[in-house]
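Here is the structure we will look at.
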Amino acid sequence: MARVKYLFIYLLLQSVLEFTYGQPQVKFFRDDYKYLENTRSFYKVHTIQRTWENAKRRCAMEGASLFYPEDQNEADVVLTHLNETQPSYPWILIGISSKLAKGVFKTIDGLSVRQVYNKWGPGEPNDAGGDEDCVILRRDGTLNDDKCSKKHPFICKKTLASLKWNEQCNVPYMDYKYNEALGRCYKFHLNPLNWKDAIDACDSEHAYLAIINSQNEADYLVNITAEAPKDKVKGLYLRGAVHLGFSYDPSENGWRTNTGETLDGAGYAVWGNNQPDGGEDEQCGSMFYNGHLNDISCEVQKCFFICERENELLNILSERFGE
Ligand SMILES: *[C@@H]1O[C@H](CO)[C@@H](O)[C@H](O)[C@H]1NC(C)=O
Ligand SMILES: *[C@@H]1O[C@H](CO)[C@@H](O)[C@H](O)[C@H]1NC(C)=O
Ligand SMILES: [Ca+2]
Ligand SMILES: [Ca+2]
Ligand SMILES: [Ca+2]
7 MARVKYLFIY
17 LLLQSVLEFT
27 YGQPQVKFFR
37 DDYKYLENTR
47 SFYKVHTIQR
57 TWENAKRRCA
67 MEGASLFYPE
77 DQNEADVVLT
87 HLNETQPSYP
97 WILIGISSKL
107 AKGVFKTIDG
117 LSVRQVYNKW
127 GPGEPNDAGG
137 DEDCVILRRD
147 GTLNDDKCSK
157 KHPFICKKTL
167 ASLKWNEQCN
177 VPYMDYKYNE
187 ALGRCYKFHL
197 NPLNWKDAID
207 ACDSEHAYLA
217 IINSQNEADY
227 LVNITAEAPK
237 DKVKGLYLRG
247 AVHLGFSYDP
257 SENGWRTNTG
267 ETLDGAGYAV
277 WGNNQPDGGE
287 DEQCGSMFYN
297 GHLNDISCEV
307 QKCFFICERE
317 NELLNILSER
327 FGE
């Protein structure tokens with residue numbers, strides 16, 4: 007265990023140091039992505055099957071994009087990787103569809119399939135039932151059009167060239183901001199989601215829905231909420247509250263953080279006036295813009311939310327030097 011930890015520290019240190027000198031030298035995006043030198047890109051085989059739209063969204067949330075082969079070489083390299091890691095998958099969804107114009111297959115970045123990898127299976131694309139607009143790549147390297155509503159495994163891709171490293175937070179996401187006093191990184195998400203989807207969004211960035219552990223942290227979250235350009239965000243969502251990582255646990259008959267602590271145990275339990283007030287309709291947690299806690303529905307209201315992340319490197323260093 008200790009050895010694994012030190013290897014991890016070494017990799018983190020290496021990634022931070024090498025990025026310090028301009029161009030990224032280190033080939034690290036996230037520990038769930040595999041770097042393939044041949045195409046100078048990172049890939050993650052997603053084993054939770056999703057529809058085409060959801061797969062595309064999930065890759066974007068991870069700061070990557072839904073994979074499609076740019077050429078024969080990339081198809082070979084990625085299928086070899088798939089054969090080695092998931093030998094039972096007969097195919098994967100790829101980032102090519104004809105959703106915009108029937109029969110005109112384009113990549114998610116707008117290229118014609120003819121400009122990339124245009125190797126259809128026998129009789130494909132056949133638009134069976136007039137309802138096949140999303141493309142799958144079979145293990146034998148051929149393409150087939152299939153229903154967009156079907157769920158399949160998929161691969162997200164990040165090119166090395168597009169990788170930017172946030173040194174302070176030790177993440178590949180530049181919009182996480184480090185707070186020195188708290189030793190944490192935070193991101194205020196300006197795309198309103200319901201509480202459950204907010205959990206998923208933080209998770210996709212290897213972070214978690216923020217949990218308040220002190221009055222200082224509450225003050226800081228109030229500050230970043232005040233500073234976020236919220237007024238620019240149009241649409242239907244609940245103004246005045248941001249989702250946080252706590253919810254009502256019926257088996258405990260009380261509120262718990264997403265790490266399982268009571269709010270008092272976690273370090274902050276200042277509720278807003280008359281809150282919690284929602285009963286069974288509001289069993290998830292949020293914070294009013296003034297920092298006071300509020301119960302909110304888990305699936306109905308969309309709100310802004312804040313993700314939190316520890317900087318493992320800084321924490322390990324301070325542990326090590328006893329700070
Ligand atoms: C992957 O495995 C399939 C089925 O065994 C095979 O047809 C295909 O050629 C393999 N692809 C590569 C690139 O190795
Ligand atoms: C919040 O902002 C106020 C005013 O800018 C500042 O004085 C205070 O130190 C900030 N608090 C935290 C915890 O960042
Ligand atoms: Ca078909
Ligand atoms: Ca916290
Ligand atoms: Ca409430």
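Residue 7 is where the sequence shown starts when you use this note's numbering, and the numbers rise one by one after that.
Cβ atoms here follow ideal geometry from the backbone N, Cα and C, with glycine treated the same way.
Quick caveat: nothing in here was measured; it's all calculated off a predicted structure.
Does DSSP put Cys-208 in a helix, a strand or coil?
Cys-208 falls in the helix class under three-state DSSP.
Whose CA, out of Ala-232, Gly-136, Ser-103 and Gly-147, lies closest to the CA of Glu-59?
Taking each of Ala-232, Gly-136, Ser-103 and Gly-147 in turn and checking the Cα distance to Glu-59, the smallest one comes out for Ser-103.
Over the uninterrupted beta strand (DSSP E) stretch that includes Gln-78, give me the two end residues.
Counting along the chain, Gln-78 falls outside any beta strand (DSSP E), though it belongs to the alpha helix (DSSP H) covering 78 to 91.
Residue from Ser-220, His-298 and Cys-154 with nearest C-alpha to Thr-57:
By alpha-carbon distance to Thr-57, the top candidate from Ser-220, His-298 and Cys-154 is Cys-154.
Helix, strand or coil at Ile-3 according to DSSP, with G and I counted as helix:
Residue 3 falls outside the range modelled here, since the chain spans only 7 to 329, and no answer is possible.
Using C-beta distances below 6 Å, list every residue in its chain close to Thr-45, excluding the 5 sequence neighbours before and after it, in chain order.
Closer than 6 Å at the Cβ level, and outside the excluded window around Thr-45, lie Glu-80 and Val-83.
Any heavy atom of ligand 4 within a distance shorter than 7 Å of the CB on Ala-213?
False, no ligand heavy atom lies under 7 Å from that Cβ.
Taking Arg-64 as the reference, which of Phe-34, Gln-92, Pro-282 and Ile-100 has the closest Cα?
Among Phe-34, Gln-92, Pro-282 and Ile-100, the Cα nearest to that of Arg-64 is on Ile-100.
Going by the DSSP bridge assignment, what does Gly-291 pair with across the sheet?
Paired residue(s): Asp-301.
Just how far apart, CA to CA, sit Leu-88 and Asp-152?
For Leu-88 and Asp-152, the distance between alpha carbons rounds to 20 Å.
Rounded C-alpha distance that separates Leu-299 from Gly-189:
If you take the alpha carbons of Leu-299 and Gly-189, they lie about 23 Å apart.
Is it buried or exposed, Ile-54, if we count other Cβ atoms within 10 angstroms and call 16 or more buried?
Burial call: exposed.
Would Cys-313 pass as a contact of Lys-193 if the rule is Cβ separation under 8 Å?
Yes, Cβ-Cβ distance for Cys-313 and Lys-193 is below 8 Å.
Of all residues in the structure, which have a C-beta closer than 7 Å to any heavy atom of ligand 4, taken in chain order?
Listed by chain position, these are Arg-190, Ala-216, Ile-217, Ile-218, Asn-219, Glu-223 and Glu-314.
Closer than 7 Å between the C-beta and any heavy atom of ligand 3: which residues qualify, listed along the chain?
Matched residues: Glu-130, Pro-131, Asn-132, Asp-133, Ala-134, Glu-138, Asn-150, Asp-151 and Asp-152.
Length-filtered (3 minimum) beta strand (DSSP E) runs lying within the region 111 to 159
Segments of the beta strand (DSSP E) lying fully in the region 111 to 159: 140 to 144 and 149 to 152.
Terminal residues of the alpha helix (DSSP H) in which Asn-222 lies
221 to 233 is the extent of the alpha helix (DSSP H) around Asn-222.
Grab me the residues of Val-239's own chain with a C-beta within less than 6 Å of its C-beta, minus the 5 sequence neighbours each way, in chain order.
For Val-239, where only same-chain residues beyond five positions count, the Cβ hits under 6 Å are Leu-196.
6 Å CB neighbourhood of Glu-223 in its chain, flanking five on each side removed:
Excluding sequence neighbours, Glu-223 sits near Leu-188.
Could you check whether Gly-278 and Thr-268 sit closer than 8 Å to each other, using their CB atoms as the reference points?
No, the Cβ-Cβ distance between Thr-268 and Gly-278 is not below 8 Å.
To which residues of the same chain is Lys-202 closer than 7 Å at the C-beta, ignoring the five residues directly before and after it?
The beta carbon of Lys-202 is closer than 7 Å to those of Cys-304 and Glu-305 in its chain, skipping five residues each way along the sequence.
Taking C-beta to C-beta, are Tyr-184 and Ile-218 nearer than 8 Å?
No, these two residues do not count as a Cβ contact at 8 Å.
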